[in-house]
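Chemist: Before I ask anything, here is the structure I am working with.
Next comes the structure, spelled out in C-alpha cells:
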C-alpha cells in the first residue's frame, strides 16, 4: 500500500485538508465509538447530515453523555449538549472549520463538554475543573457562538410547540425585512389582528424571564432566518426523541399476552427449524454472493452521468482524464487489476482534475477485487461527489467491512453495522432486499 501513502503526502502538498493516516484508520476500525474513517463522517456532516446524524447518534451519543455525567451533569444535560454539539459540528463542517486530524468523537466530546461548562457559567454556577485535554487544533467556538447555538435550539423547540400552519407563517415572515421599532401599544394592536395571532402565540412560548416580549427578539429572528440550521436541528430533534423514548411501552391489556406468547413460541419453533436446516454463512460467502462490480468502468461512468458527459457543464470530462479512464478500463475489462491502478493514480495526483471522485471510486472497486479492503475503504473515504456516489459509497464500504471479516471474525459485527448503514441509505428496492439478506446471513 505504499502508493497510497505517497498519494496522501502528495495531496497534503496540494490540499488544505489532511488525508487519514493508516494509524488513524486502524484506530477508527477498532474503536467501538467509530466504524468509519474521519473523512467519511466529516464529508457526511457537510454534505449529507440527514443520514450522517443517524450514524453519529448511534455511535457517539451514549459515550458523549457519559463524559458530561462524569462531571456532575444529568443524563438529560448530556443529551442536550450532545445535540448542541452535533448541530455545531454540521455548521462547522459546512464552513470548512471541522478538524480533519483528530477523531470525530473527540471533537464532539470537546464540543459537548464546552457547551456544558459555558451553560453553567451563563447561569452563574461553578464549572467543574478542566481535567480533559481539548485536542490540539480542535476548533471550538467561543462563548458567544455557543450561546447562539443554544438560543437557536430554544427558539426552534418553542416553534415546534405550534401547529404546522403557524410554523410556516413565522418562517415565511422572518424572510421579510425587520419591522421598525414599535411602541408597546402599537405591538399590542398588531398582535390583536387575527393574521398575527401566530406571532403573539410564539412570543408567549419564548418567555423565559419576567419581562414579556413585545416584538420578536433578534436571536429568535436569527433562528427563523437560519433555514439550513433549522433543518439540521429538526433531524437531531427527531433522533433525540427516538433515543430518549427508549424501549416501547408494553401493552396494558392482559388479554394480548396469551396470543403474544403463542406467537413467540411459534416463531421460536419456526426459527429453530430454519436454523437446523440452514448452516451459517461465512463472511467470504456473503461477500462473494453480493459483490457485483461493474463490468466496465466507462459503462458505469456513462450510466452515472448520462447526457451530462457530453455537454459543456461542469461534469464534462477533459480529454486527458478520459484517455486515462479508457486505459484503466481496458485493463479492468480483462481483469488485469494491478495494471488498471496506474492510470487511475495519475488522475488522483492531479489536484485540479474533476475526475477525482470517479478515480477514487474505481480504485476502491479494484482494491476489493484485489482483496485489499483496508485500502478500498481509504479510497472510498476520499470521494467528494456524494450526489452521484452516495448510495454506492455506503454499499461498497459495507462490502469492504464484510471482506475484512473474512480474515478477522471479530469484524463480523462491524460488517453487520456497515450493512445496516447501507440499507438505511439506499432507495433501490433490489439493493434493499439484498442488504436485508446480507444482514440475515451475517447475523448467524
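Numbering (the numbering used here), first residue to last: 75 to 518.
Idealized CB from N, CA, C, for every residue including glycine.
Sorted by chain position, which residues of the same chain lie with C-beta nearer than 8 Å to residue 400's C-beta, five sequence neighbours on each side aside?
Modeler: Numbered from its first residue, the chain shown carries residue 400 at position 326. Same-chain partners within the cutoff: 372.
Chemist: Do residue 223 and residue 162 count as a contact pair if the criterion is CB distance below 8 Å?
Modeler: Indexing the chain shown from 1 puts residue 162 at position 88. Indexing the chain shown from 1 puts residue 223 at position 149. The answer is yes: Cβ separation under 8 Å.
Chemist: Enumerate in chain order the residues of its own chain whose CB-to-CB distance from residue 519 is below 6 Å, with the five nearest sequence positions on each side excluded.
Modeler: Nothing about residue 519 can be read from this structure; the chain reaches only from 75 to 518.
Chemist: Can residue 469 and residue 453 be called in contact, C-beta distance under 8 Å?
Modeler: In the chain shown, residue 469 corresponds to position 395, counting from 1. In the chain shown, residue 453 corresponds to position 379, counting from 1. Not a contact, by the Cβ cut-off of 8 Å.
Chemist: Just mark residue 87 as buried or exposed, buried being the case when its beta carbon has 16 or more other beta carbons within 10 Å.
Modeler: Here residue 87 refers to the residue found at position 13 of the chain shown. For residue 87, the predicted structure reports a pLDDT of 32, less than 50, and the residue's modelled location is therefore unreliable. The matter cannot be settled from this model.
Chemist: In angstroms with no decimal places, state the Cα-to-Cα distance between residue 126 and residue 236.
Modeler: Residue mapping note: residue 126 aligns to position 52 of the chain shown, counting from 1. Residue mapping note: residue 236 aligns to position 162 of the chain shown, counting from 1. Each residue's Cα considered, the two are about 28 Å apart.
Chemist: When the Cα atoms are used, what is the spatial distance from residue 336 to residue 466?
Modeler: Position 262 of the chain shown holds residue 336. Position 392 of the chain shown holds residue 466. Caution is warranted here: a pLDDT of 44 is assigned to residue 336, below 50, making its placement in the model unreliable, and the coordinate value is therefore given only provisionally. Our two residues, residue 336 and residue 466, have alpha carbons roughly 42 Å apart in a direct line.
Chemist: What are the start and end residues of each continuous alpha helix (DSSP H) run of 4 or more residues lying completely inside the segment 462-500, in chain order?
Modeler: 486-498
Chemist: Using CA atoms only, rank isn't needed, just tell me which of 357, 228 and 310 is closest to residue 481.
Modeler: Counting from 1 along the chain shown, the entry for residue 481 is found at position 407. Comparing Cα positions, the closest option is 357.
Chemist: Nearest to residue 459 by alpha carbon, out of 475, 430 and 422?
Modeler: By 1-based counting over the chain shown, the position of residue 459 is 385. If we check each option's Cα against that of residue 459, 430 comes out closest.
Chemist: Mind the definition here: the segment 177-193 touches the segment 125-141 only if three or more C-beta pairs lie below 8 Å; say whether that holds.
Modeler: yes
Chemist: In the DSSP assignment, find the alpha helix (DSSP H) that holds residue 438 and state where it starts and stops.
Modeler: For the purposes of this step, residue 438 is identified with residue 364 of the chain shown, where counting begins at 1. It spans 430-443 - the alpha helix (DSSP H) in which residue 438 sits, taken as one unbroken run.
Chemist: Exposed or buried, which one is residue 53 when buried takes at least 16 other CB atoms within 10 Å?
Modeler: The structure shown has nothing for residue 53, since the chain only spans 75 to 518.
Chemist: Taking the straight line between their C-alpha atoms, what separation do you get for residue 436 and residue 249?
Modeler: The residue you call residue 436 lines up with position 362 of the chain shown. The residue you call residue 249 lines up with position 175 of the chain shown. Near 44 Å, if we compare the C-alpha coordinates of residue 249 and residue 436.
Chemist: When the distance is taken between beta carbons, is residue 220 closer than 8 Å to residue 190?
Modeler: Along the chain shown, one-based indexing puts residue 190 at 116. Along the chain shown, one-based indexing puts residue 220 at 146. In this structure, residue 220 does not lie closer than 8 Å to residue 190 by Cβ.
Chemist: Going straight from the alpha carbon of residue 464 to that of residue 294, what length do you get?
Modeler: Numbered from 1 along the chain shown, position 390 holds the residue referred to as residue 464. Numbered from 1 along the chain shown, position 220 holds the residue referred to as residue 294. When the Cα atoms are used, residue 464 and residue 294 turn out to be separated by approximately 35 Å.
Chemist: Between which two residues does the alpha helix (DSSP H) carrying residue 112 extend?
Modeler: Within the chain shown, numbered from 1, the residue matching residue 112 stands at position 38. Residue 112 -> alpha helix (DSSP H) spans 112-121.
Chemist: Under 8 Å: do the segment 442-452 and the segment 419-426 share three or more Cβ pairs, one atom per stretch?
Modeler: These segments do not touch.
Chemist: Is the beta carbon of residue 314 closer than 8 Å to that of residue 157?
Modeler: By 1-based counting over the chain shown, the position of residue 157 is 83. By 1-based counting over the chain shown, the position of residue 314 is 240. Between residue 157 and residue 314, the CB-CB gap stays under 8 Å.
Chemist: When DSSP labels each residue in this structure, what does residue 333 get in the three-state scheme?
Modeler: Taking the first residue of the chain shown as 1, we reach residue 333 at position 259. Unreliable positioning characterises residue 333 in this predicted model, as indicated by a pLDDT of 42, which lies under 50. The coordinate reading is nonetheless provided below. It is helical.
Chemist: With DSSP collapsed to three states, give me the class of residue 172.
Modeler: Translated into positions along the chain shown, residue 172 becomes position 98. Three-state result, residue 172: coil.
Chemist: Residue 218: buried (16+ other C-beta within 10 angstroms of its C-beta) or exposed?
Modeler: Translated into the one-based positions of the chain shown, residue 218 becomes position 144. Exposed is the call here.
Chemist: With DSSP as the reference, label residue 377 as helix, strand or coil.
Modeler: Position 303 of the chain shown holds residue 377. Here residue 377 sits in helix by DSSP.
Chemist: Rounded to the nearest angstrom, what separates residue 238 and residue 276 at their Cα positions?
Modeler: To locate residue 238, count along the chain shown from 1; it is residue 164. To locate residue 276, count along the chain shown from 1; it is residue 202. For residue 238 and residue 276, the distance between alpha carbons rounds to 13 Å.
Chemist: Starting from residue 236, trace the alpha helix (DSSP H) in both directions and tell me its first and last residue.
Modeler: By one-based count along the chain shown, residue 236 stands at place 162. It is not in any alpha helix (DSSP H) - residue 236 carries neither H nor E in the DSSP assignment.
Chemist: Please confirm whether residue 160 and residue 310 have their CB atoms less than 8 Å apart.
Modeler: Here residue 160 is taken as the residue at index 86 of the chain shown, counted from 1. Here residue 310 is taken as the residue at index 236 of the chain shown, counted from 1. A contact, by the Cβ cut-off of 8 Å.
Chemist: Going by DSSP in three states, residue 147 sits in which element: helix, strand or coil?
Modeler: In the chain shown, residue 147 corresponds to position 73, counting from 1. Residue 147: coil per DSSP, three-state reduction.
Chemist: Which word fits residue 456, buried or exposed, when buried means at least 16 other C-beta atoms lie within 10 angstroms of its C-beta?
Modeler: Numbered from its first residue, the chain shown carries residue 456 at position 382. Buried, since its Cβ has 16 or more Cβ neighbours within 10 Å.
Chemist: Would you tell me roughly how many angstroms separate the C-alpha atoms of residue 214 and residue 319, rounded to the nearest one?
Modeler: For the purposes of this step, residue 214 is taken as the residue at position 140 of the chain shown. For the purposes of this step, residue 319 is taken as the residue at position 245 of the chain shown. Rounded to the nearest whole angstrom, the C-alpha separation of residue 214 and residue 319 is 30 Å.
Chemist: Less than 8 Å separating the beta-carbons of residue 506 and residue 497?
Modeler: As a first step, residue 506 is located in the chain shown; it is residue number 432 there, counting from the start. As a first step, residue 497 is located in the chain shown; it is residue number 423 there, counting from the start. Yes, Cβ-Cβ distance for residue 506 and residue 497 is below 8 Å.
Chemist: Pick helix, strand or coil for residue 323, following the three-state DSSP scheme.
Modeler: Within the chain shown, numbered from 1, the residue matching residue 323 stands at position 249. Bear in mind that the predicted position of residue 323 carries a pLDDT of just 40, short of 50, making it unreliable; the figure below should be weighed with that in mind. Reduced to three states, the DSSP call for residue 323 is coil.
Chemist: Just how far apart, CA to CA, sit residue 155 and residue 192?
Modeler: In the chain shown, residue 155 corresponds to position 81, counting from 1. In the chain shown, residue 192 corresponds to position 118, counting from 1. Using only the alpha carbons, I get a separation of about 10 Å.
Chemist: For residue 492 versus residue 471, is the C-beta distance shorter than 8 Å?
Modeler: In the chain shown, counting from the first residue as 1, residue 492 sits at position 418. In the chain shown, counting from the first residue as 1, residue 471 sits at position 397. Yes; because the gap between Cβ atoms is below 8 Å, this pair is in contact.
Chemist: Applying the criterion that 16 or more other CB atoms from any shown protein chain within 10 Å of the CB defines a buried residue, is residue 484 buried or exposed?
Modeler: Residue mapping note: residue 484 aligns to position 410 of the chain shown, counting from 1. Residue 484 sits exposed, since fewer than 16 C-beta atoms from the chains shown fall within 10 Å of its C-beta.
Chemist: Write down the C-beta distance between residue 367 and residue 439 rounded to the nearest angstrom, noting that I regard them as a contact closer than 8 Å.
Modeler: Looking up residue 367 in the chain shown gives position 293. Looking up residue 439 in the chain shown gives position 365. Contact flag correct, Cβ pair sits at about 5 Å.
Chemist: Give me, in chain order, the residues of the same chain whose beta-carbon lies closer than 7 Å to that of residue 517; leave out the 5 immediate sequence neighbours on both sides.
Modeler: Position 443 of the chain shown, counted from the start, is the residue given in the question as residue 517. Excluding positions up to five away in sequence, the list reads 490.
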